[in-house]
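Engineer: Here it is, the structure, as structure tokens.
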Amino acid sequence: MLTRLPLRPDPPRVLLILAVNAPADGDDRREQLEDVLTIEGVELQVQLVGSSTGELRDPRGYGAVVLDGDPGPSASAAWLAELQGAVEGGTSVLAIVGSRTAPSPTPGSSRGSSLFWEWLGIRVIDEKPSGEWFTKVALAKVGLTERVPGEFPIVDRPSILEATRGDAVPVLQVNIAFTDETVMFERRLGEGRLIVSGLGNERAALSHPELKTLLRRALVGARELMQRDRSIGFAVLGYGPYGGMGLYHGLAASATPGLEMIAACDFDPARRKAAQEEFPGLRPYAGVTELTADDDVEVVVVATPPSTHFELAANLLGAGKHVALEKPMCLTLAEAGELIGLARASNLVLTVHQSRRWDPDFLAVRRAIDQGLVGEIFNVETFVGGFEHPCRAWHSEVAISGGAVYDWGSHHLDWILQLMGGFPSSLQAHGHKRVWRDITNLDQVRVRLTWQDGREAEFMQSDIAAIRRPKFFVQGTRGTIAGHYRPLQFERLEPGVGYVGEQSHHAEAPVNLMLARYEAGYGVTEMLLPPVPADRYGFHRNLADHLTLGEPLAVTPESSRDVVALLEAAQRSTDEGNVHVALSPPVE
């Protein structure tokens, strides 16, 4: 069974040596690097080195040493010998090189410390201007790049590197004029290793999630990374009908290195048969007891109706399995707290498939907010629905689904919490039951939230809204974002049939987003916000990274617990006549 130990250098101490030209430069750069290198449970020590000779700290006794730029004459032969010994004994060294600091010396040049560059075994042969560069993982598999996209764009001033020693292995490259140029190398030295990166010279690059992941992994020993590189037994409980969540999770596991779809559990023999056909070699189970008895199953996705989530998750955690629940996590705050306690007591992973956090349009909204384009957010409104008969499955039955708000509300209230931050101080929900009499869910529910500082938000779900409101309406002190649904129509001509038109659910396609901003002395300007490129299986990639490498969990159980708290309060509000409900942040 996975122990899920955090990925840390050994010992958990990191020495960051910053080569700076002025103290002010060092303060800014230090802040950027501390954001990248700060890891829970790891002590980070920082030393600033100027252009004049100064004594560098003894590198021995650290799990990792980070060299940001050329330390110059301070990198004496004696200190480099100490560093060499530390690396051979297991210390990891990350060197970030670029035009911010003294470059590697070229033939006939006295710039930089020749001893330092000779020890690196890498030299800078070119420095590119700031711009967008497409970075790709080199062919060599060195452990650092597991589950990192094969190619990703990054804004930086990359330094093109060349190896001067034969043991250097390319890690990352950029393609320029149809030529692959290396921007990151790895060298193995005894029990440790050296990573030299020509990326990370600008703030935008250091904030890029993929580069941050690589730089953090560089702090850990190569042997430790390789030992954790294995497949995780993955199973789905509640495989479901064709094209449902069982197939989705199976495809996601199959596409994610480190996850192996090995089992599915469903009471329906036809669904078990379908699972075997879709994933040959899969082990079919009819009951939870059989599934939990399989020692090869390490993580289970629970894709059953919400009313069953708590009991099933508790059983799985009790059997020593990591658990990923479909949304909502469960139906009550008390249930959520109990599940979190069970997971912590057994050092097991508990997470929720909040898949809509990876929606391209939501990510575009979040990106605009993070970049300050909208100013300080004070109001967020979201909507989903139309005017059509609700589905006649369990989703529409209160006793099984929890109520209308528990369906799309699990996503939309999660979005609101992600965008607004903090926890609201009050909630009021208004429900209507006026048209659809063959189901028990409300026809429409509106949830209004207010924060202690006056900020507000609203979520509305309706099956009786003939004209749709915007999916997103976000107001800030500098502008507004609005995103309107668009029809998703598929049309074709079939022989012997003629015209065939099919319309998909309106909420599946990214919406068109408009950002309008006020500029003093000019007025309101408008711009389109394109969706962020999709990371289709981002949840599963993060789950594998967390389980094997101890990297941060994208969807913490506490964040999903907060959503459940709002869902339960909203249901209570409508049940009791649309009353106001005072809220306080859930406590452990």
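If you're matching positions, the sequence shown starts at 1304 in the numbering used here and goes up one per residue.
All C-beta atoms in this analysis are idealised placements derived from N, C-alpha and C, irrespective of residue type, glycine included.
Is the region 1748-1764 in contact with the region 1679-1696, if contact means three or more CB pairs nearer than 8 Å?
Structural biologist: Counting Cβ pairs under 8 Å, three or more are found: they touch.
Engineer: Would you kindly work out how many angstroms separate the C-alpha atoms of Gly1415 and Leu1447, rounded to a whole number?
Structural biologist: Because the pLDDT at Gly1415 is just 46, under 50, the model does not fix this residue reliably, and the value given afterwards should be weighed accordingly. Whole-angstrom Cα-Cα distance: 29 Å.
Engineer: Could you tell me which uninterrupted alpha helix (DSSP H) segments, each at least 4 residues in length, are contained entirely in the region 1325-1375, listed from first to last along the chain?
Structural biologist: 1326-1340
Engineer: Based on Cα-Cα distance, which residue from Arg1460, Trp1422, Glu1435 lies nearest to Gly1401?
Structural biologist: Arg1460
Engineer: If we call anything under 7 Å between Cβ atoms a contact, is Gly1804 one with Glu1794?
Structural biologist: yes
Engineer: Let me check understanding here. Comparing Cα to Cα, which of Leu1666, Asp1569, Glu1484 lies closest to Ser1658?
Structural biologist: Leu1666
Engineer: Would you list the one or two residues that DSSP bridges to Val1427?
Structural biologist: Leu1464
Engineer: Report the partner residues of Thr1685 according to the DSSP bridge assignment.
Structural biologist: Bridge partners of Thr1685 according to DSSP: Phe1762, Phe1775.
Engineer: Just mark Cys1694 as buried or exposed, buried being the case when its beta carbon has 16 or more other beta carbons within 10 Å.
Structural biologist: With fewer than 16 Cβ atoms within 10 Å of its Cβ, Cys1694 is classed as exposed.
Engineer: From His1625 to Tyr1545, what distance separates their C-alpha atoms?
Structural biologist: 25 Å
Engineer: In angstroms, rounded to a whole number, what distance separates the CA positions of Leu1554 and Ala1819?
Structural biologist: Their backbone Cα atoms lie some 39 Å apart in a straight line.
Engineer: Only counting runs of 3 or more residues, tell me where the beta strand (DSSP E) segments fall wholly within the region 1820-1880, in order along the chain.
Structural biologist: 1826-1832
Engineer: Counting pairs of beta carbons, one from the region 1448-1457 and one from the region 1484-1496, are three or more of them closer than 8 Å?
Structural biologist: no
Engineer: Taking the DSSP output, what are the residues bridged to Val1803?
Structural biologist: Answer is Arg1795.
Engineer: Do the CB positions of Leu1347 and Trp1382 come within less than 7 Å of each other?
Structural biologist: no
Engineer: What number of angstroms, rounded off, separates the C-alpha of Thr1743 from the C-alpha of Ser1610?
Structural biologist: 15 Å
Engineer: Is Asn1618 helix, strand or coil by DSSP?
Structural biologist: DSSP places Asn1618 in the helix class (H, G or I) of the three-state scheme.
Engineer: Answer yes or no: do Gly1705 and Leu1634 have a C-beta to C-beta separation smaller than 7 Å?
Structural biologist: yes
Engineer: Determine the burial state of Glu1871: buried for a count of at least 16 other Cβ atoms within 10 Å of its Cβ, exposed for fewer.
Structural biologist: buried
Engineer: DSSP on Arg1575, reduced to helix/strand/coil?
Structural biologist: helix
Engineer: If you follow the alpha helix (DSSP H) that Glu1691 is in, where does it begin and where does it stop?
Structural biologist: Looking at the DSSP string, Glu1691 is not in any alpha helix (DSSP H), and its letter there is neither H nor E.
Engineer: Evaluate Ser1500 with the Cβ neighbour count: other Cβ atoms within 10 Å of its Cβ, from every protein chain shown; 16 or more gives buried, anything less gives exposed.
Structural biologist: By the 10 Å Cβ count, Ser1500 comes out buried.
Engineer: Relative to the C-alpha of Thr1482, which candidate in Leu1340, Lys1439, Asp1361 has its C-alpha closest?
Structural biologist: Lys1439
Engineer: Going by other Cβ atoms of all chains shown within 10 Å of its Cβ, with 16 needed for buried, is Gly1880 buried or exposed?
Structural biologist: exposed
Engineer: In terms of residues, what are the limits of the alpha helix (DSSP H) holding Phe1665?
Structural biologist: 1663-1673
Engineer: How close, in whole Å, do the beta carbons of Asp1532 and Ile1565 come, if the pair is a contact with beta carbons under 8 Å?
Structural biologist: Actually they are not in contact, since the Cβ atoms of Asp1532 and Ile1565 sit about 18 Å apart, beyond 8 Å.
Engineer: Here's a check: name, in chain order, each residue in its chain whose Cβ is nearer than 6 Å to the Cβ of Asp1746, leaving out the five neighbours to either side.
Structural biologist: His1735, Lys1736, Arg1737, Val1738, Trp1739, Asp1766, Ile1767
Engineer: Check Thr1592 in the structure and name its three-state DSSP category.
Structural biologist: helix
Engineer: Could you say which of Val1750, Arg1781, Leu1730 lies nearest to Gly1675 if we only look at CA atoms?
Structural biologist: Arg1781
Engineer: Measuring CA to CA, which of Ala1322, Pro1314, Gln1350, Ile1535 is closest to Gly1344?
Structural biologist: Pro1314
Engineer: Taking the alpha helix (DSSP H) that Ala1606 falls in, what are its first and last residues?
Structural biologist: Run containing Ala1606: none; DSSP gives neither H nor E here.
Engineer: Which of the three DSSP states, helix, strand or coil, is assigned to Asp1717?
Structural biologist: helix
Engineer: Distance check for Glu1601 and Asn1618, CA to CA, integer angstroms please.
Structural biologist: 14 Å
Engineer: Classify Phe1690: buried if its beta carbon has 16 or more other beta carbons within 10 angstroms, exposed otherwise.
Structural biologist: exposed
Engineer: Use the C-beta contact count for Phe1537: other C-beta atoms within 10 angstroms, 16 or more gives buried, fewer gives exposed.
Structural biologist: Classification for Phe1537: buried.
Engineer: Between which two residues does the alpha helix (DSSP H) containing Glu1494 stretch?
Structural biologist: Neither: Glu1494 is in no alpha helix (DSSP H) and is coded neither H nor E.
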